[in-house]
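Asker:
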Amino acid sequence: MASIIEGERSYARSRGLAEKAEQLIPGGHHLSGRPLLVGEDCPQYMARGVGARCWDVDGNEYLDYIGAYGPFLLGYANERVDAAACAQLQRGNLLSLNHPLHVEFAERLLSRFPGADMTVFMKTGSEATTAALRIARKLTGKRRVVRCGYHGWHDWCLPLEPFVPSGLAEQVLELNVADPGSLEVLLSSAPNEFAAVVVAPEMILPTRASVFHDLLNTAHKHGAVFVLDEVKTALRIKPGSFQRHVGIVPDMTTLSKALGNGWPIAAVVGKREVMSCAAGMHLSGTYHGETAAMAAALATLDFVDEHPVAEHVWALGERLIDGLNAAAAQHQIPAIAFGEPLPPMPFLKFTITNAAVNERVKAAFYRESFKRGVLLHPRHLWFISYAHTAEDIDRTLSVAEYAFAVARRELEAHPE
Ligand SMILES: Cc1ncc(COP(=O)(O)O)c(C=O)c1O
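In my numbering, the protein residues as written are 207 to 622.
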């Protein structure tokens, strides 16, 4: 890696591609997002990634904490996972009938989730959460749902904007994440009309086990199926899932992201009495039975069974959070690092009261981080991978020292 005290970087090729993309791709971004730093030069196009590192199209190297938004729990281009997928590709990755891997994958996956007896597999987290809702609707004969967090891009997951079908406002209620106890009020507002409560656990604070037991019990009291959306947290949170962390058994769980370590795979796992009603339902997708991603997922499961992955990312997350808080305090920057909500998914929040000054100081911090080869997301939680090392964290903290110093100068130039 280039020195952490290097000078300016060029992002010219990123800029050139972004200008072309503006004409070809609505919004210019495949994740319907914005550049990391809005309105200024920053890395926008990546060329390759290995382990915890990636390189942009201008040849700049980064220690990467964005991790493509979550799939790369083992790091980019994990040799064992990718070799398993590539070997499977050679055999024809999608065939005309069922494949033995479907059964093997189902058995292996279910063995990790106590209380889950059956699974359906698909390709994306959005598909998995939508399928879980549909199964819950069929099982209960009800339509309404309470959701909490980001569950994907399908109609029922979106804010109510003019482009989603009418009627959703009545069918889909959102739980106030700061007040999980309000679930009782929501479900009581239309007794016996709710099919499901779908919760992305990273949204709920505090992460105390009793809060999740209460959510599950409240859903059941009102005849609703409890779905835990572990698309981000499965395999990542010690001892291997959020539900085991807090000791609950959801009726259904949705999975994706880390499951294939970069290969597209998703699943719903759940109790037999819930999942069996999915038999004969139309949950079909041409690519759902694709086997290269399934081979990748099996290799990922082997890897996490043999290595202390969740413990490692937890410990490194704590090290990063503690170090960032110490550095922010030392440079007198109003900012707080925290697990969002748990250490393997850390974030740094700038808390200057004047919003304009906050944005300037924050941009100064991230600009400097990129320049010194650390890719942190200014607006989205970060992901630590098993490929990150304690030395990587310490290097990141050295870069943060510089970045906080630059941020401090920005704050002094534009006081609140
Ligand atoms: C908790 C959760 N559920 C569902 C999804 C949707 O997954 P996908 O983007 O694969 O459709 C995401 C994606 O970030 C997520 O974090």
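Idealized CB from N, CA, C, for every residue including glycine. Computed from a prediction, not measured in an experiment: that's the story for all the values here.
Can we count His428 as close to ligand 1, meaning its CB is less than 8 Å from some heavy atom?
Answerer: Result no, Cβ not under 8 Å from ligand 1.
Asker: Throw me the rounded Cβ distance for the Thr336 and Gly358 pair, which I believe falls under 8 Å.
Answerer: So it is a contact: roughly 7 Å between Cβ atoms.
Asker: Kindly identify the DSSP beta-bridge partner or partners of Met252.
Answerer: According to DSSP, which records beta bridges pairwise, Met252 is partnered with Asp262.
Asker: Give me the Cα-Cα distance between Ala293 and Thr492, rounded to the nearest whole angstrom.
Answerer: Cα to Cα, Ala293 sits roughly 21 Å from Thr492.
Asker: Beta-carbon within less than 8 Å of Phe319's beta-carbon, same chain only, minus the 5 sequence neighbours each way: which residues are those?
Answerer: Within the same chain, Phe319 has close Cβ partners Ser447, Gln449, Thr459, Val475.
Asker: Under a three-way DSSP split, which group does Glu622 fall into?
Answerer: Coil, per DSSP.
Asker: Would Val580 and Tyr251 qualify as a contact pair, given that the criterion is a beta-carbon distance under 9 Å?
Answerer: Result no, Cβ atoms of Val580 and Tyr251 do not sit closer than 9 Å.
Asker: With Asp323 as the anchor, note down where its alpha helix (DSSP H) starts and where it stops.
Answerer: Note, Asp323: premise wrong, no alpha helix (DSSP H); not H, not E.
Asker: Nearest-angstrom Cα distance between Asn304 and Ala224?
Answerer: Going by the C-alpha atoms only, they are around 42 Å apart.
Asker: Considering only DSSP beta bridges, list what Gly476 is partnered with.
Answerer: Note: Gly476 sits in a beta bridge opposite Met324, Met458.
Asker: Identify whether Pro552 lies in helix, strand or coil by the three-state DSSP scheme.
Answerer: Three-state result, Pro552: strand.
Asker: Is Lys555 buried or exposed, if buried means 16 or more other CB atoms sit within 10 Å of its CB?
Answerer: Burial call: exposed.
Asker: Buried or exposed: which applies to Pro386, given that a residue is buried once 16 or more other Cβ atoms fall within 10 Å of its Cβ?
Answerer: By the 10 Å Cβ count, Pro386 comes out buried.
Asker: Determine the burial state of Thr559: buried for a count of at least 16 other Cβ atoms within 10 Å of its Cβ, exposed for fewer.
Answerer: Counting Cβ neighbours within 10 Å, Thr559 comes out exposed, since fewer than 16 surround it.
Asker: Which residues does DSSP pair with Cys354 in a beta bridge?
Answerer: Cys354 is bridged to Val405.
Asker: For the candidate residues His494, Pro470, Leu379, whose alpha-carbon lies nearest to that of Ser302?
Answerer: The shortest C-alpha separation from Ser302 is found at His494.
Asker: From the DSSP output, in three-state form, read off Tyr608 for me.
Answerer: Helix, per DSSP.
Asker: Just the C-alpha distance for Leu504 and Leu582, rounded to the nearest angstrom, thanks.
Answerer: About 30 Å.
Asker: Which partner residues of Ala541 appear in the DSSP bridge assignment?
Answerer: Paired residues: Phe556.
Asker: Measuring alpha carbon to alpha carbon, tell me which of Ile454, Gly373, Cys483 ends up nearest Thr346.
Answerer: With distances taken between Cα atoms, Thr346 lies closest to Cys483.
Asker: Measuring only from the beta carbon, is Tyr356 closer than 8 Å to any heavy atom that is part of ligand 1?
Answerer: It does: the Cβ of Tyr356 is within 8 Å (strictly closer) of some heavy atom of ligand 1.
Asker: Closest to Met500 by CA distance: which of Glu267, Asp598, Ile410, Asn467 is it?
Answerer: For the residues Glu267, Asp598, Ile410, Asn467, the minimum Cα distance to Met500 belongs to Asn467.
Asker: Between the Cα of Phe278 and those of Ala534, Val519, Leu526, Arg566, spot the shortest distance and give me the residue it belongs to.
Answerer: Checked all of Ala534, Val519, Leu526, Arg566; the closest Cα to Phe278 is Val519.
Asker: Is Gly545 a contact residue of ligand 1, with contact defined as CB to any heavy atom under 8 Å?
Answerer: No, since every heavy atom of ligand 1 falls outside the 8 Å radius drawn around the Cβ of Gly545.
Asker: Which two residues bound the contiguous beta strand (DSSP E) that contains Tyr572?
Answerer: Taken as a continuous stretch (DSSP letters only), Tyr572 belongs to no beta strand (DSSP E), being part of the alpha helix (DSSP H) at 561 to 577.
Asker: Decide if Thr424 is buried, meaning its Cβ has at least 16 other Cβ atoms within 10 Å, or exposed.
Answerer: Looking at its Cβ environment, which holds 16 or more other Cβ atoms inside 10 Å, Thr424 is buried.
Asker: If you drop the 5 nearest sequence neighbours on each side, which residues of the same chain put their C-beta closer than 6 Å to that of Asn284?
Answerer: Closer than 6 Å at the Cβ level, and outside the excluded window around Asn284, lie Asn467.
Asker: Kindly confirm or deny that the segment 402 to 412 and the segment 324 to 333 touch, where touching means at least three C-beta pairs closer than 8 Å.
Answerer: No, the segment 402 to 412 does not touch the segment 324 to 333.
Asker: The alpha helix (DSSP H) spanning Val519 covers which residue range?
Answerer: 515 to 536 is the extent of the alpha helix (DSSP H) around Val519.
Asker: Please classify Met281: is it buried, with 16 or more other beta-carbons within 10 angstroms of its beta-carbon, or exposed?
Answerer: Per the sequence shown, residue 281 should be read as Gly rather than Met. When all chains shown are included, Gly281 counts as buried.
Asker: Pick from Leu422, Arg340, Gly257, Tyr592: whose alpha carbon is nearest that of Pro514?
Answerer: Minimum Cα distance to Pro514 is reached at Tyr592.
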